Amino acid sequence: MKKKNRKPLCIRSWVTMIVAGTVPLCTTSACAAPVAGQTRSAGNVLQTQQRQQNNVISNIYTRKKHSLAAIDAAEQKIWTALNGGHLQTARTLIQRTAAQYPGWKPQPTMGFVLLEKTIWAEIRVGQTALAQSHMQRLQARYGQGALANKTHLSLVSMRNVLEENRLWHLLGEGHLQTLQLAIQQIQREDPGYQPPQKLRFLMRQGLASRAVRRLAGQKSWNQIVALHDQTPSVFTLAYPGNRQVWAEALAATGHPERATLVYISLMQHSQHAAEVQGILNQAANQLPPQDMQVLYARAQAQFPSAQHALERQRLQYIMMVAARAHTAHRNADALALVAPESAAIARLRQVSDARLMGAILGANHHPRAALQWWVRAAQWSGKDADWQTVGNLAMADNDVPIAREAMAHLPAGTPASAHFRQHSNIMAALRDYKNRDYAGTLRHLRAAQRFGPLSPGMQTIQAWSLVHTRHFKAASALFTTLYRQDPSSGNAVGVVIADQQIHNLAHTYQLAATTRGPLAAHLPMATMRDHFADINAIPWRFVPPDQIAPPPARQSYLALGGSWEQRGGKGSGMTRMTEYLPSLQAQWGINWHLAAFTQWSSPDLYGGQPNGGQLPVLDGASTATGQATGHVWQLPQFLFGVDDHEPHHHWRAALGWTSPSSLGGGTVQGLLRYTFIPSDNGSDWSVHVLRNSVRQTLLSYNGVQGNVSANVRGQTLHIPYTWGAAMRNQIGASGYLSGGKHGWSYIGTLHLNAITGRNITTNYGASTYLAAMRPVYTGAGWWVSLGPSFYAETYARNESFASPGYGGYFSPQWMAEPSLSANASHWWHGGALNVSAAIGYQWLHQAGGPYIGSTLLRDQLAPQLSTQNLVLSPYAASSGGSIAGSLNAVLTQRLGTHWYLDAGASYQANPAFQQAQAGLDIRYVFGGSHARTFIPAQYVSGMGRYE
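If you use mature numbering (1 follows the signal peptide of the UniProt record, and there is no 0), the sequence shown corresponds to residues -32 to -1, 1 to 915, in order.
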């Protein structure tokens, strides 16, 4: 039965392929028909072809006892749904027909039309991603065979529509540059492609309009003129802003006449006088006076009702241009502008205009006319200063009536004779100042002061005369008074110059911080707000270099001191160490920020002997003894370096040699650290490279020569060995984010270590410290902060064992310690104290290992152990946790003019070890400067680090 069913299906499929291959397909834009019409026409053609196919195979379906009419009706419904665009109905009918007539399958033409119409529907509703997915399916399913050409044409049409949709979307979103690049990309792929004309026009217009704003901001006037020639449509009256920019560009490129015409066109299309006034205000900064007169005449003719306001605006423009000319010492040009308008200017009754007229006429040697305008200014303002000017000019011109009128308006109680005498001295001072006789200027001004205080203007002349005669302290005091009265830029510059010369910029910053005005603009206030006490030591660069007096060099000193340290571990024995470290330290100040230093020390070390936990364990009948180096006073070790402290970065470089150890000569030690301070509030970050001794046990610090013996069943095992002298090789980075006086501050460090030594395996490790601190108390000389902290450490191997081949230093597989930290600083005249403490809980895990840590030594002893049938018991792993804490204190105290005392002490306890340190030095500072020289005791102990 199965064989009979398969044959008709195969025949139908074969016939379908033949028929489908003969159908001419035309459903894309290549047929020059709308999309909807294309798909509908294609559906009808394919539907007709399928009916012909059904006639060919009707006898096959008749034998299978199916009604061909019913199948044809079902397929007709499917095609009707497809042609009507009811795609979901078509899919449902296909599924129903396939279920109702087993063996029936939709023809490729029907599937093609359904998928093609589905894609077009998705494109219409903007489902681009889904449409592209179905387009891939259309290519995969129908890209080969009879429908290949039709598939290709449809896909080309779909892609073109999608691309143009994307281009219109970019235009609508305002992404003009992206749109332009997209069109260029399409044209590279299809040289014959041309975007829609409207799209291209709108894109070019948008780009040009943007270019106008950009070029105007850059003041690229020639390019704006060229852009107008290329794209005049964006400079029409529909774009008044662009048109004003064009006018400004024409004026700036030497075409004021054309610019005037553009401004006139803008004015003609203005509906209100206020708009015209705005255009005139803009044009006033671009056009020469003769062209502006044309514009004002046009405006008054266009808006007769606003003639008074426009006339007032015109006169204000004339006075503005005249003021510019007067300031530029082109007084003849200024007079030519204002002379014809003298009567109109007088009718405005503006005090500032009257003063300017007086100044212009006086500069053009018309003293009588100038005096008349000063009289008007005094009458209109009623201010004593104006009447004083009138009186001075009248007396200089010997116009006694006007001088008396001026005196009548001045405050009563000032004798006229005294005033005349004061005026006489002031005039003499002005003559001397003009002739650069600054000493004579001061002499006459002091004489004038006997009759009354000087005006602010004369005080300014007095202050500058003090500067010229190098009386900088008096000049600073006078400029300070003037600045507090009138915080002008001139007075600010006077304060800066005077204080610079007497090296008292701290006063400048204090004045800027307490008096609002332009003085702060001359100073980096944000950088130095928290450093007023140190400002006088920094060479600022706001005056010519030849006027800079560099600050004193950094302090040079010589310090003699010593430190003591004691450390003990859980197992005691060789993990206990006591150190006495006499040291000599010196620093030479090279300049204000750079210093060189050296340090010499000679460690005296005491260590313990191996205890039971550090001797070999073989079996219950064995006994073991051990002997190791217990005391050594090393030859001196030394360090040379340079240290640089500048406002935004610090760096330190040091290089030296360690003391020869018990195992041979010394080795290189050194430090290179760079600190960058990018912010104004003290935040910084730093990186460093360090190499120094691991100062934890005599074994790790100095190395030991040991001999361990074990007796088992009459057999003796000797383990002579020399090992230790570990050196830390470290790369580190740290950061400090300052929260200021009241906010949270954050600290983070990361250290990567590689610890090497004699006959011990290189051990790699890392540690990190994180803390957040917030000030809880700040007062005079006090700073107290509190916050959480976290310390973690990890090493590849546990090298804390003291038996042969191990390093004898703390190296857990992991250790974590959250804590609560506190820090308190107190400083006073000549001294400072810092105390920090932390309390927390520490968890750690230390891995076990063989008794002999060196693989080479184990291989050497293996034959002997095998012969005697001996096995060395290994160390067991250990884990634990307990309370941990630390306490540190550092003190510096000035003892005399040159002498200082530095002291420091620390203690820490945790589940693995306890450690105590103390250091003291006496320091002699050369020069006896009172500048602060705070040297922490741990730096005296060794390169600023402690374990």
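Heads up, the beta-carbon is just placed ideally off N, CA and C, and yes, glycines get one too. Given the structure is predicted, the values throughout are model-derived calculations rather than measurements.
{"Query": "Which residue comes first and which comes last in the alpha helix (DSSP H) that contains R826?", "Result": "T823 to T835"}
{"Query": "When the Cα atoms are used, what is the spatial distance from L583 to T643?", "Result": "47 Å"}
{"Query": "Out of W47, G52, G53 and N51, state which residue places its alpha-carbon closest to the alpha-carbon of I62.", "Result": "W47"}
{"Query": "Mind checking whether Y777 and Q882 have CB atoms under 8 Å apart?", "Result": "no"}
{"Query": "If we ignore side chains and look at the alpha-carbon of each, how far apart do N360 and P369 end up?", "Result": "12 Å"}
{"Query": "The beta strand (DSSP E) that contains G700, what's its start and end?", "Result": "Q683 to L705"}
{"Query": "Starting from A790, trace the alpha helix (DSSP H) in both directions and tell me its first and last residue.", "Result": "Here A790 belongs to no alpha helix (DSSP H); instead the beta strand (DSSP E) covers W782 to W796."}
{"Query": "Could you check which residue in Q577, V600 and W560 has the C-alpha nearest to that of P571?", "Result": "V600"}
{"Query": "Starting from T665, follow its DSSP beta bridges and name the residues at the other end.", "Result": "R663"}
{"Query": "Return the CA-CA distance between Q567 and L552, expressed in angstroms with no decimal places.", "Result": "6 Å"}
{"Query": "For E614, which residues from the same chain have a beta carbon less than 6 Å from its beta carbon, with the 5 sequence-adjacent residues on both sides left out?", "Result": "H561"}
{"Query": "Taking only runs of the beta strand (DSSP E) that begin and end inside the stretch 622 to 661, which ones reach a length of at least 3 residues, in chain order?", "Result": "636 to 644 and 652 to 661"}
{"Query": "Beta-carbon separation of H294 and A327 under 8 Å?", "Result": "yes"}
{"Query": "So the candidates are Y843, W796 and G798; which of them puts its Cα closest to the Cα of G816?", "Result": "Y843"}
{"Query": "How big is the Cα-Cα spacing for G895 and S524?", "Result": "8 Å"}
{"Query": "Taking C-beta to C-beta, are W341 and D354 nearer than 8 Å?", "Result": "no"}
{"Query": "Could you tell me the distance, in whole angstroms, from the CA atom of L106 to the CA atom of R92?", "Result": "18 Å"}
{"Query": "Between the C-alpha atoms of A220 and V262, what's the straight-line distance to the nearest angstrom?", "Result": "18 Å"}
{"Query": "Given this structure, state the Cα-to-Cα distance separating A806 from G703, to the nearest angstrom.", "Result": "20 Å"}
{"Query": "Residues in its own chain within less than 7 Å of T57 by CB, not counting five upstream and five downstream?", "Result": "A49"}
{"Query": "Under 8 Å between the Cβ atoms of V193 and L218?", "Result": "yes"}
{"Query": "Quick one: residues in its chain with C-beta nearer than 6 Å to the C-beta of V803, no 5 flanking neighbours on either side, listed in chain order?", "Result": "A792 and A857"}
{"Query": "Span of the beta strand (DSSP E) holding W341?", "Result": "No beta strand (DSSP E) contains W341, which is instead part of the alpha helix (DSSP H) from P335 to S349."}
{"Query": "Which residue marks the beginning of the alpha helix (DSSP H) containing Y231, and which one marks its end?", "Result": "P224 to Q236"}
{"Query": "Excluding the 5 residues flanking P756 on each side, which residues of the same chain have their C-beta closer than 8 Å to its C-beta?", "Result": "A739, A740, P786, S787, L788 and S789"}
{"Query": "Could you have a look at L855 and say whether DSSP puts it in helix, strand or coil?", "Result": "strand"}
{"Query": "What did DSSP end up calling F902 once you bin it into helix, strand or coil?", "Result": "Residue confidence for F902 is low, a pLDDT of 41 falling below 50, so the modelled location carries little weight and cannot support an answer."}
{"Query": "Please report how far the alpha carbon of L398 lies from the alpha carbon of G458, in whole angstroms.", "Result": "18 Å"}
{"Query": "Can the beta-carbon of Q577 be found closer than 8 Å to that of A596?", "Result": "yes"}
{"Query": "Under a Cβ-count criterion, where at least 16 other Cβ atoms within 10 Å of its own Cβ denotes burial, should K118 be classed as buried or exposed?", "Result": "buried"}
{"Query": "What are the partner residues of A739, as DSSP defines its beta bridges?", "Result": "I715 and S757"}
{"Query": "Would you kindly report the start and end of the unbroken beta strand (DSSP E) that includes E614?", "Result": "Q605 to E614"}
{"Query": "For P74 and L98, I'd like the C-alpha separation in whole angstroms.", "Result": "23 Å"}
{"Query": "Do A443 and L450 have their beta-carbon atoms positioned less than 8 Å apart in this structure?", "Result": "no"}
{"Query": "According to DSSP, simplified to helix, strand and coil, what is H391?", "Result": "helix"}
{"Query": "Nearest CA to the CA of P743: which residue from G733, R726, N727 and Y714?", "Result": "Y714"}
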